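Residue numbers (the working numbering): 236 to 427. To start, the structure under review is shown below, and the notes come after it.
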């Protein structure tokens with residue numbers, strides 16, 4: 236966790252030179268902008284803008300038809316990205332970098348965008364709190380690692396994927412040791 240005052244000090248000391256200003260898209264991906272630390276603490280901490288197509292893309296970042304909020308037919312506009320400074324965090328895997336999550340506001344009304352993932356989550360949390368409950372969530376990260384790079388796999392049409400191991404390595408200390416160059420930094424960065 237990092238306060239805005241801590242960020243200002245870190246920017247002044249040269250410890251932070253970049254701030255990722257992010258929103259969460261409909262696929263759960265971080266999208267946004269990179270600002271210099273100085274620009275963020277001087278002005279971008281108030282707000283910035285992004286194209287409203289960011290909540291209307293598919294996994295390949297194409298803009299399919301059928302969205303009520305935006306389309307090629309009706310045109311694309313902007314959302315206001317309002318940084319939630321309580322979400323400021325250092326990004327341990329990117330030297331000199333901090334990150335902040337944003338709420339999305341309608342460019343004309345300045346009201347929250349109701350279909351943004353953060354806004355939907357806030358509504359669900361409020362429903363729990365209204366009946367005296369506090370939701371607590373966790374995730375179990377499971378994934379596969381493949382021999383080829385993502386770019387090579389994409390160029391091959393996501394076909395003939397070769398896992399890094401030929402059998403189930405679940406809980407297997409000896410076999411998973413070969414994956415430590417990936418797993419160790421991932422595990423340690425999750426602590427931040």
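Where a beta carbon is used, it is the ideal one built from N, C-alpha and C, also for glycine. For clarity, every value in this text was computed on a predicted model and none was experimentally measured.
Stretch pair the stretch 237-244 + the stretch 314-332: three plus CB contacts closer than 8 Å:
The stretch 237-244 makes contact with the stretch 314-332; the number of CB pairs closer than 8 Å reaches 3 or more.
Pull up the DSSP beta-bridge partners for residue 425, would you.
If you number the chain shown from 1, residue 425 lands on position 190. Per DSSP, none; premise fails for residue 425.
Status (buried if at least 16 other CB within 10 Å, exposed otherwise) for residue 270
For the purposes of this step, residue 270 is taken as residue 35 along the chain shown, with counting starting at 1. Buried: at least 16 other Cβ atoms inside 10 Å.
Close beta carbons around residue 328, own chain, < 7 Å, minus the five adjacent residues each side:
Working through the chain shown from its first residue, we reach residue 328 at position 93. So the list reads 420, 424, once near-sequence residues are dropped.
Just tell me which of 274, 365, 268 has its CA closest to the CA of residue 247.
For this step, residue 247 is matched to residue 12 along the chain shown. Here the closest residue by C-alpha is 274.
Report the residue ranges of all beta strand (DSSP E) runs contained in full by the stretch 328-395; include only those spanning at least 3 residues, in chain order.
Entirely contained in the stretch 328-395, the beta strand (DSSP E) runs reaching 3 residues are, in chain order, 332-341.
Rounded to a whole number of angstroms, what is the C-alpha to C-alpha distance between residue 407 and residue 413?
What you label residue 407 is simply residue 172 of the chain shown in a count that begins at 1. What you label residue 413 is simply residue 178 of the chain shown in a count that begins at 1. Rounded to the nearest angstrom, the two C-alpha atoms are 11 Å apart.
Cβ contact (3+ pairs, closer than 8 Å) linking the stretch 252-265 and the stretch 277-296
With a cut-off of 8 Å on Cβ pairs, the stretch 252-265 is in contact with the stretch 277-296, counting three or more such pairs.
Give me the Cα-Cα distance between residue 249 and residue 338, rounded to the nearest whole angstrom.
In the chain shown, counting from the first residue as 1, residue 249 sits at position 14. In the chain shown, counting from the first residue as 1, residue 338 sits at position 103. In a straight line, the C-alpha of residue 249 is about 28 Å away from that of residue 338.
Looking only at its own chain, which residues have a Cβ that is under 8 Å from the Cβ of residue 284, when we skip the five neighbours before and after it?
Numbered from its first residue, the chain shown carries residue 284 at position 49. Only 313, 314, 315, 316, 342 meet the Cβ criterion.
Sorted by chain position, which residues of the same chain lie with C-beta nearer than 7 Å to residue 382's C-beta, five sequence neighbours on each side aside?
In the chain shown, counting from the first residue as 1, residue 382 sits at position 147. The answer, listed in chain order, is 397, 399.
Taking residue 395 as the reference, give the member of 332, 385, 404 with the closest Cα.
Translated into positions along the chain shown, residue 395 becomes position 160. Selected option, being the one with the closest Cα: 385.
Once the 5 residues before and after residue 280 are set aside, which same chain residues still bring their CB inside 6 Å of it?
As a working note, residue 280 is residue 45 in the chain shown. Cβ neighbours of residue 280 beyond the five flanking positions: 318.
Based on DSSP bridge pairs, tell me the residues matched to residue 256.
Translated into positions along the chain shown, residue 256 becomes position 21. 268, 335, per the DSSP bridge assignment.
Less than 8 Å between the CB atoms is what I'm expecting for residue 252 and residue 331, so what's the real figure, rounded?
Walking along the chain shown from the start, residue 252 turns up at place 17. Walking along the chain shown from the start, residue 331 turns up at place 96. A Cβ-Cβ separation of about 5 Å places residue 252 in contact with residue 331 under the 8 Å criterion.
CA nearest to the CA of residue 295, picked from 305, 264, 242, 372
Position 60 of the chain shown, counting from 1, holds the residue named residue 295. Comparing Cα positions, the closest option is 264.
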